[in-house]
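This report concerns only the one structure given below.
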Amino acid sequence: AAEKRILCQGLVCLDIISVVEAYPAEDSEIRCVSQRWQRGGNASNSCTVLSLLGAPCAFMGSLVPGHAADFIVADFQRRGVDVTHVAWQPSGNVPCACCVVSAASGSRTIVLYDTNTPDVTARDFERVDLSQYKWIHWEVSPGWGRARARTWPSTSGTGRPPRRCGGCAAACSRGRTGAREGHRLGGTRPCPKPTSPPRPPPTRATLICAWAEEGADAMGPDGELVHSDAFPPETLVDTLGAGDTFNAAVIFALSAGKSLQDALTFGCQIAGRKCGILGFDGIV
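Letter by letter, the sequence shown follows residues -22 to -1, 1 to 262 in mature numbering (1 follows the signal peptide of the UniProt record, and there is no 0).
Structure below.
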């Protein structure tokens, strides 16, 4: 039987990435070191990383026909990501993000043109044979209605403004249905680590939170805390997509039956490698 796959549902956009020597001052004019188009978006990036790790995966999200969509679909296919479940919309624009990456600090600044293109609907999901998937990653935004819990493992994270802060993420699992959900924390400043021990999660839930350079913490269903240190590269090159890389690596490990500790450590390791390279090639 064919290996069951991982489905990532959420945003895909066109990233126009300019690498500069140092982040420019307001109202200045500089030349960039390099510039490239790259397929972006949180769920889309996670698909890229899952594919590089060797996990069969598929993307589900909205696209509008045109030059940008042609570029995006071709790149999905180059990576071996299944795009059968793309929801093609009759009108609108593909979201576009202008990203400035500082070679001096490795920071990334993102200006997202988040269009009014409709998102996928329950009707779109009704057309999907979900039995072929062992894990489903849902990307949601603050204020969206909560998706009903399902009977297969899944994660969810927010990927629209307010944007994520410092690679901060959380994931939990709902034990009664076996569905996992995660929520990336929005904001513009790094989230501080809690000053007091968190309360145990609901029965059979798993909580995960990444703290960028401080590593990541997780709490299992029994309330036991586990920790992984960060694995920073020798030189910080590019942090664009580091949080999506962490998510994908943790999903990859958990879906393969690894322990929570092993998954947390693996997520930090792969995210650290990503921060030391431009783009995603070379993380494995």
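Just so you know, even glycine gets a beta-carbon here, dropped at the ideal spot from N, CA and C. Keep in mind that this is a model prediction, so the values were computed, not measured.
Rounded C-beta distance between residue i and residue j? I'm assuming under 8 Å.
i, j, result
"residue -9", "residue 46", "5 Å"
"residue 216", "residue 86", "7 Å"
"residue 220", "residue 228", "No, residue 220 and residue 228 are not in contact; Cβ-Cβ is about 13 Å, not under 8 Å."
Quick check on DSSP: helix, strand or coil for residue i?
i, result
"residue 67", "coil"
"residue 202", "coil"
"residue 252", "helix"
"residue 106", "coil"
"residue 217", "coil"
"residue 243", "helix"
"residue -11", "coil"
"residue 25", "helix"
"residue 8", "coil"
"residue -1", "coil"
"residue 184", "coil"
"residue 164", "In this predicted model, residue 164 has a pLDDT of only 30, less than 50, meaning its place in the structure is not dependable enough to derive any value."
"residue 223", "helix"
"residue 125", "Caution is warranted here: a pLDDT of 43 is assigned to residue 125, below 50, making its placement in the model unreliable, and no coordinate value can be reported."
"residue 40", "strand"
"residue 143", "Confidence at residue 143 is low in this model, with a pLDDT of 30, below 50, so the placement of that residue is unreliable and no value is reported for it."
"residue 233", "helix"
"residue 50", "helix"
"residue 191", "helix"
"residue 100", "helix"
"residue 56", "helix"
"residue 260", "coil"
"residue 72", "coil"
"residue 89", "strand"
"residue 14", "strand"
"residue 61", "coil"
Check whether the Cβ atoms of residue i and residue j sit closer than 8 Å, and answer yes or no.
i, j, result
"residue 79", "residue -6", "yes"
"residue 31", "residue 258", "no"
"residue 114", "residue 35", "no"
"residue 54", "residue 9", "no"
"residue 210", "residue 250", "yes"
"residue 40", "residue 92", "no"
"residue 194", "residue 185", "no"
"residue 20", "residue 104", "no"
"residue 254", "residue 213", "yes"
"residue 238", "residue 201", "no"
"residue 112", "residue -19", "yes"
"residue 33", "residue 230", "yes"
"residue 28", "residue 234", "no"
"residue 82", "residue 7", "no"
"residue 218", "residue -15", "no"
Taking the alpha-carbon of residue i as reference, which of the options has the nearest alpha-carbon?
i, options, result
"residue 42", "71, 23, 213 and 16", "71"
"residue 57", "-15, 26 and 116", "26"
"residue 66", "82, 37 and 117", "37"
"residue 23", "197, 224 and 206", "224"
"residue 88", "100, 101, 74 and 94", "74"
"residue 50", "229, 240, -11 and 2", "-11"
"residue 256", "11, -20 and -19", "11"
"residue 48", "15, 99 and 33", "15"
"residue 61", "106, 101, 83 and 68", "106"
"residue 247", "3, 233, 206 and 76", "206"
"residue 208", "243, 83, 81 and 52", "243"
"residue 190", "252, 1 and 182", "252"
"residue 69", "110, 44 and 102", "44"
"residue 13", "99, -4, 183 and 95", "-4"
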